[in-house]
Amino acid sequence: QPNEGLFFVDTGKANKRAPRKRPEKPLHVELVLQPLSRVPPPKDITSHQTPNGRKEKRRREFWAKKAQKGIFPRGERRLRARLGLDPKNPQKPQNSTQKPPEVGRSNPQRGFYDIWGDSNPLDAPLAGQDPWYLQQTKRAPVQRPPRLQAKPSPLPPVEVIGQGGSYNPPFEEHQALLQKALQVELRRTREEQKVERRLKVTGELSSQVGGKFGVWDTKFGIQTQKFGFWKPKFRVGDPNLGSGTQN
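If you number the sequence shown the way full-length UniProt numbering does, the last residue is 247 and the count never jumps.
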């Protein structure tokens with residue numbers, strides 16, 4: 001045999017490759033709990049943006065240009081008219097020739113009045129005019145509705161329970177409530193005992209009278225006794241029964 005078959009060359013420790021391990025497979029329960037969608041959720045754009053922001057920005061720019069020309073929106077015009085300012089020059093008050101604003105609109109601290117009373121200031125311009133004219137022009141004062149004529153009930157709307165019946169009542173209030181309930185039960189017990197005593201006395205008297213004299217049966221006309229019964233001494237349907245005669 002050749003030398004290669006009988007001998008081998010010792011080269012020391014050779015670097016052996018580690019065996020390849022199979023990757024660990026996740027459990028089925030973990031796969032079920034994972035989200036099905038692989039698409040990430042969108043960002044919350046409303047957290048840092050204003051709805052209709054572009055539209056509102058263009059609207060503010062539009063009215064800013066109009067304000068330079070002295071043109072304002074309706075809400076701004078009404079506010080300036082209430083404050084008595086010139087629409088074109090906010091710092092300058094209006095001319096005194098214009099009609100002053102109503103007292104009710106410019107003075108929130110005004111007093112109150114009864115709209116159904118005779119001294120209603122709203123009906124002052126209609127005083128002394130023809131009723132038929134006011135009816136045809138629909139300017140007649142409104143009549144008080146019938147539902148306002150009814151008097152409210154004097155009874156309280158809600159019956160308020162005492163403090164002892166609350167969820168966590170004070171000790172004194174709870175004892176007072178129990179004492180009140182006890183008095184009601186004692187009164188009811190006394191009434192029941194009184195009725196039982198009356199029935200007992202009535203039953204004893206009826207038994208004594210029945211045992212000594214017998215009990216008269218008005219339906220059949222028979223008087224029963226302890227040792228038998230007595231037959232009536234008159235016949236049913238006797239013509240002499242009404243006169244008191246007996247056979």
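Backbone N, C-alpha and C fix where the C-beta goes; we use that ideal spot for every residue, glycine too.
With respect to the alpha helix (DSSP H) encompassing residue i, which residues constitute its N-terminal and C-terminal limits?
i      : result
Lys61  : As written in the sequence, residue 61 is Glu, which differs from the Lys given in the question. From DSSP, the alpha helix (DSSP H) with Glu61 extends over Gly53 to Gln68.
Leu134 : Pro131 to Gln136
Leu33  : His28 to Leu33
Glu24  : Here Glu24 belongs to no alpha helix (DSSP H), and DSSP marks it neither H nor E.
Asn3   : Asn3 to Leu6
Can you grab the Cα-Cα spacing for the pair residue i / residue j, in whole Å?
i      : j      : result
Arg82  : Pro121 : 21 Å
Gln175 : Arg188 : 20 Å
Thr224 : Glu192 : For Thr224, the predicted model reports a pLDDT of 47, less than 50, meaning its position is unreliable; a value from the coordinates is still stated below. Computed Cα separation, rounded: 34 Å.
Lys194 : Lys200 : 10 Å
Ala150 : Gln143 : 15 Å
Pro169 : Lys43  : 53 Å
Glu61  : Pro41  : 35 Å
Pro19  : Leu6   : 30 Å
Gln129 : Arg59  : 50 Å
Leu134 : Arg147 : 25 Å
Gln49  : Gln34  : 31 Å
Tyr167 : Val160 : 14 Å
Lys66  : Pro157 : 58 Å
Phe112 : Asp118 : 14 Å
Gly75  : Gly84  : 14 Å
Pro131 : Arg77  : 38 Å
Lys55  : Pro23  : 56 Å
Lys69  : Lys57  : 19 Å
Pro31  : Ile45  : The question names Pro, but residue 31 is Leu in the sequence shown. C-alpha separation (whole angstroms): 31 Å.
Leu27  : Arg38  : 19 Å
Arg198 : Val184 : 22 Å
Ser153 : Leu186 : 35 Å
Arg17  : Val29  : 35 Å
Ile71  : Leu36  : 58 Å
Asn15  : Asn3   : 26 Å
Below 8 Å on the Cβ atoms is my guess for residue i versus residue j; work out the distance and round it to an integer in Å.
i      : j      : result
Pro141 : Asp114 : In fact, because the Cβ distance is near 12 Å, the residues do not count as touching under 8 Å.
Pro51  : Trp63  : That pair is no contact at about 19 Å.
Gly164 : Leu177 : 3 Å
Gly162 : Glu172 : 11 Å between Cβ atoms; not a contact.
Leu126 : Arg139 : 6 Å
Taking the alpha-carbon of residue i as reference, which of the options has the nearest alpha-carbon?
i      : options                         : result
Pro145 : Trp116, Val39, Gly75 and Trp132 : Trp116
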